[in-house]
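Counted the way mature numbering (1 follows the signal peptide of the UniProt record, and there is no 0) counts, the sequence shown spans residues -22 to -1, 1 to 415.
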Amino acid sequence: MVNKLLVLMFGSLLLMTGCSDAPDSAEVQKAIERHIVWQPWQVGSVKLDSESLVGDSAVQYRFTAKLSPKEDLYQPLFVLGDVQVVAVGRQRGESKAVLGVADAKKGGHGWEIEIAFENDPFTDEGMPQKDNDVVISSAEFNSALKLASAELSQVNIEVAELTEKLSGSRVRHQEVLVQLSALRDSNRYKVDRLKQQFESQRQAVEERYAAKSRQSQANLNEQRKQQLIALNVKFEDRFTQAEHAFASKRRALDKAMVDNDRNYNILVQDVHKAYKADISGLDPDSISSDEYRAYLDARVKARDKALEQTKEEHQQMREQLRVEKEELVVNHRSNMDLLRQEKRSTLEEARRQQTDQKQSMFGEVQVQMDAALAELDKSYEARRAELLAEEKALNRELKDLAQSLNELETLNASKLNRRDALTKGIEAAGAAGATIS
């Protein structure tokens, strides 16, 4: 005890000597008010129990503060329907002693005080009444109890109706499941048979058009063969005609050359005959020998000149015929080359046209087959959709039932939770002694 008094006396002496401007109880009270500004409490009074110097510019106070609510405080009891039932925890103005420590430190802007309570004054004391709070045993509480009871009755009715709906929906859902399972098995068999049937039909269509393609190809090949034969015959005729014309002209030229030689020989003989006739008709004794020799010389010259002229004409004709024969041969070879080229071009064009015709035929047959197969596929899809229409409708009904069940179960769970909450609230009200009047 003596030591405590010495400490207090020494502390007071320190405050008097080192911190003469330290905060008083009023400033500590203001600090407490700032500390609890967000709480529904107010400070009635503050008593400084002790003060001690902590440092050169720091003081610590131990205090007892009287705090009281600014308004009635309520503690929650239970939930009743949509309201919170509360009871008064501490009345307005009802004070409570609170112990605490205030640490004051002096800084550049003066004293700063920090507050710390040793016992929390706000624990289990309640809060101000909210809009959704009703005080137990009040008129509002009795009204809320009646509403909760009435709502509970209505919720029980709704739960019973929902239970019946759920039961019916579950039964129908199970019926549709069983029906759909059986229908799926049946449809699977029917669709498999339908698919096999249409696969067979597709194969028949493909085989029919394949046969048509083969027949068309055979017809085209025969036409091609006949066309090529006709073209070859046509050109062989032209080759033959050209050869015949060439041979005829060459024979004519050969004959002309033979005739030219024969005529030349005849003309030579005629010249010699004329010469002999001229000299045989002159009597040597009738003229002088000089005249006779002059006459003979003149006849010989005339004969030789005639022979020379005849030979020259013969050679000219022979050369002309030779040139014509060479030109005939050259022209014949050129004409035959042109005819062969024409034949090759004609045959190539015929083959190209036949190839185009063949490709066109294949394309046309392919288009016809594709159209037939597309129509067959369309018919298959229509038949398949017709078979699966009932299954599709049941699937849609099952989906709707599942959605409806989910919605009903969600609503039912909500109603059950509401019923449990109402029941719990009403039971709590009954336990508190409340009755529905």
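Even glycine gets a Cβ: it sits at the ideal position worked out from N, Cα and C.
{"Item": "Does DSSP classify Gln53 as helix, strand or coil?", "Value": "strand"}
{"Item": "Evaluate Glu139 with the Cβ neighbour count: other Cβ atoms within 10 Å of its Cβ, from every protein chain shown; 16 or more gives buried, anything less gives exposed.", "Value": "exposed"}
{"Item": "Exposed or buried, Gln29, counting other C-beta atoms within 10 Å across all chains shown (16 or more means buried)?", "Value": "According to the sequence as given, residue 29 is Glu; it is not Gln. By the neighbour-count rule (16 or more Cβ atoms within 10 Å), Glu29 is buried."}
{"Item": "Is DSSP giving Glu29 helix, strand or coil here?", "Value": "strand"}
{"Item": "Classify Glu103 as buried or exposed, calling it buried when 16 or more other Cβ atoms lie within 10 Å of its own Cβ.", "Value": "buried"}
{"Item": "Is Ala412 helix, strand or coil when you go by DSSP?", "Value": "coil"}
{"Item": "Which of helix, strand or coil does DSSP assign to Lys(-19)?", "Value": "At Lys(-19), the pLDDT of 35 sits below 50, so the modelled position is not reliable and the matter cannot be decided from this model."}
{"Item": "Pull up the distance between the alpha-carbon of Glu177 and that of Lys168, whole angstroms please.", "Value": "14 Å"}
{"Item": "Identify every residue that forms a DSSP beta bridge with Arg40.", "Value": "Ser28, Val79"}
{"Item": "Do Thr218 and Val246 have their C-beta atoms within less than 8 Å of each other?", "Value": "no"}
{"Item": "Suppose the cutoff is 7 Å on Cβ atoms and the five residues either side in sequence are ignored; what does the same chain contact list for Val343 look like?", "Value": "Tyr187, Lys190, Ser191, Ser194"}
{"Item": "To the nearest angstrom, how far is it from the Cα of Leu299 to the Cα of Lys203?", "Value": "46 Å"}
{"Item": "With DSSP as the reference, label residue 417 as helix, strand or coil.", "Value": "The question about residue 417 has no answer here: the residues shown for the chain are numbered -22 through 415."}
{"Item": "Are Pro99 and Val76 close, meaning C-beta to C-beta below 8 Å?", "Value": "yes"}
{"Item": "Leu(-10): buried (16+ other C-beta within 10 angstroms of its C-beta) or exposed?", "Value": "The pLDDT assigned to Leu(-10) is 36, lower than 50, so where the model puts this residue is not dependable; a value taken from the coordinates is nonetheless given after this. With fewer than 16 other Cβ atoms within 10 Å, it is exposed."}
{"Item": "Evaluate Gln62 with the Cβ neighbour count: other Cβ atoms within 10 Å of its Cβ, from every protein chain shown; 16 or more gives buried, anything less gives exposed.", "Value": "buried"}
{"Item": "Would DSSP call Ile93 helix, strand or coil?", "Value": "strand"}
{"Item": "Per DSSP, Trp19 is paired with what?", "Value": "Pro47"}
{"Item": "In this structure, does DSSP put Gln62 in helix, strand or coil?", "Value": "strand"}
{"Item": "Tell me the DSSP bridge mates of Met105?", "Value": "Tyr52"}
{"Item": "Could you tell me the distance, in whole angstroms, from the CA atom of Ala4 to the CA atom of Ala412?", "Value": "48 Å"}
{"Item": "Helix or strand or just coil, what does DSSP make of Gly403?", "Value": "helix"}
{"Item": "Determine the burial state of Pro106: buried for a count of at least 16 other Cβ atoms within 10 Å of its Cβ, exposed for fewer.", "Value": "exposed"}
{"Item": "So, at 7 Å on beta carbons, what are the nonlocal neighbours of Gln7 in its own chain, with the 5 sequence-adjacent residues on each side left out?", "Value": "Val21, Val24"}
{"Item": "For Thr(-2), does the three-state DSSP call read helix, strand or coil?", "Value": "Rather than Thr, the amino acid found at residue -2 in this sequence is Asp. Looking at Asp(-2) - three-state DSSP - the assignment turns out to be coil, as it is neither helix nor strand."}
{"Item": "Pull the bridge partners of Lys212 from the DSSP assignment, please.", "Value": "Beta-bridge pairing links Lys212 to no other residue."}
{"Item": "Asp27: which of Asp215, Gln157, Arg296, Ala43 sits nearest, CA to CA?", "Value": "Ala43"}
{"Item": "Which residues bound the beta strand (DSSP E) around Asp111?", "Value": "111 to 113"}
{"Item": "Going by CA-CA distance only, name the one from Lys370, Leu354, Val15 that's closest to Leu155.", "Value": "Lys370"}
{"Item": "Any idea if Gly403 is buried or exposed, counting beta-carbon neighbours within 10 angstroms, 16 or more meaning buried?", "Value": "buried"}
{"Item": "Taking Ala284 as the reference, which of Glu302, Ile244, Val301 has the closest Cα?", "Value": "Ile244"}
{"Item": "By a C-beta neighbour count over all protein chains shown, 10 Å radius and 16 as the cutoff for buried, is Arg71 buried or exposed?", "Value": "The residue you asked about is not Arg; residue 71 is Gly in the sequence shown. Under this definition Gly71 is an exposed residue."}
{"Item": "Could you check if Val15 is buried or exposed, using at least 16 other CB atoms within 10 Å of its CB as the buried criterion?", "Value": "exposed"}
{"Item": "What are the partner residues of Gly85, as DSSP defines its beta bridges?", "Value": "Gly88"}
{"Item": "Alpha carbons only, please: which of Ala363, Ala380, Val308, Ala80 is nearest the one belonging to Leu172?", "Value": "Ala363"}
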